[in-house]
Amino acid sequence: MDQDGQDELARVAARYAVAITPLMAGLIHAEDAADPIAAQFLPHREDGEISPEERLDPIGDGAFAAAPGLIHRYRDRVLLKLVSACPVYCRFCFRRESIGPGADAPLRGDRFAKALHYIAADETIWEVILSGGDPFVLSAARIGEVTRALAAIPHVKVLRWHTRVPVVDPDRVTPAFVSALRDAGVSTWVAIHANHPRELTAQAKVAIGRLVDGGIPVVSQTVLLRGVNADAGTLEALMRAFVEARVKPYYLHHPDLAPGTARFRLSIGEGQALMRGLHAAASGLCQPTYVLDVPDGAMKAPLTPSYVRADAHGHELFAADGRWLAYPPKG
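Per our numbering, the very first residue in the sequence shown carries number 69; after that it's consecutive.
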């Protein structure tokens, strides 16, 4: 790489946090310039190229800030950002402007108390989503404190922790850690983030198994990324790997308009074509919901391709072989 390229990478790394765990670094095939693991975690010159449509807050979190660290976008649930640190920093992250070294300190003390007060005062809040950063970088003791505090609020029935840790740093998921996630007052779920089947290592499967065997249901979140998983074979292999690890595919996210992420984005039509292929090829257990977080925080819009259309005689249904079949059948 020439000096200009090195200088540009330095500028990118200075603006957006860089970290990768030894486990993920060990999965990179250094001889492959288009390695899908490297693409997710290592800085790239194009990270500094900002497109006109990109936004510092691409899903509009700021408009829904209700208390320190607390986002209240949907009526029955809130998102609580406990930390601004992650064990790895994804190059496509929609919060890349607000996480990493120098970002907000962990949510504790009076700031945490204010968030709890807001949740306790609104009886429509049924679910609390724990995010960040990655909340699983916290100690088991702190995880237990947060769990107990939220479980003590009578109308909070579900805690959902969003994390990459079981995949990228699975040794953190100890029996004590799993125990800290549970409380008799709430149902605890964990949503793990992985984007390529290579990430579901033997170590990751042990950590996931520890969660599931500990009574915690696990679902997946994946971002559809050009150069990582935006092809039929990789996407199918990833969803099958989740199910084999006892993880239910949950969301497949269309990439957000985060600054410097154009290289990862594909069109909605391309994503829908991939979803049609997955629907035709794999079990219903392997089907995530394809979604897009609408800019400005309006909603999470399902992008599932349509399998039904009206005609003059009723409807037509899309078949796995690509044909549209009349319903009710004619003759």
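A virtual CB, placed ideally from N, CA and C, is assigned to each residue, including glycine.
Straight-line gap, K316 to H264 (C-alpha atoms, nearest Å): Roughly 15 Å separates the two Cα atoms.
Contacts around L393, its chain only, beta-carbon distance under 7 Å, and the 5 residues preceding and following it disregarded: Same-chain partners within the cutoff: E384, L385 and A387.
R143: CB within 7 Å of a non-hydrogen atom of the ligand COA: Within the structure as shown, the ligand COA is missing, as the structure has no ligands at all.
Cutoff 7 Å; reference H97; Cβ partners in own chain excluding five residues on either side: Cβ neighbours of H97 beyond the five flanking positions: D103.
Coil, strand or helix - S247 by DSSP: Assigned with DSSP and collapsed to three states, S247 falls in helix.
Alpha-carbon to alpha-carbon, H140 and I284: Between I284 and H140, the C-alpha separation is close to 25 Å.
Sub-8 Å separation of L91 and Q271 beta-carbons: Yes, the Cβ-Cβ distance between L91 and Q271 is below 8 Å.
At least three beta-carbon pairs within less than 8 Å, the region 111 to 130 to the region 360 to 372: These segments touch.
Option nearest S152 by Cα separation, candidates V296, A134, R79 and A173: Residue A173 is the option with its Cα nearest to S152.
Alpha helix (DSSP H) segment containing K225, residue limits: Where K225 is concerned, there is no enclosing alpha helix (DSSP H), because DSSP gives it neither an H nor an E.
Where the alpha helix (DSSP H) containing D202 begins and where it ends: Premise fails: D202 is in no alpha helix (DSSP H) and is neither H nor E.
Span separating the alpha-carbon of G403 from that of R145: Missing from the structure shown is residue 403; the chain here goes from 69 to 399 and no further.
At least three beta-carbon pairs within less than 8 Å, the region 189 to 202 to the region 222 to 241: As far as the Cβ criterion goes, the region 189 to 202 touches the region 222 to 241, which means the pair count is three or higher.
Bounding residues of the alpha helix (DSSP H) (the contiguous stretch that carries R216): Where R216 is concerned, the enclosing alpha helix (DSSP H) stretches over A208 to A219.
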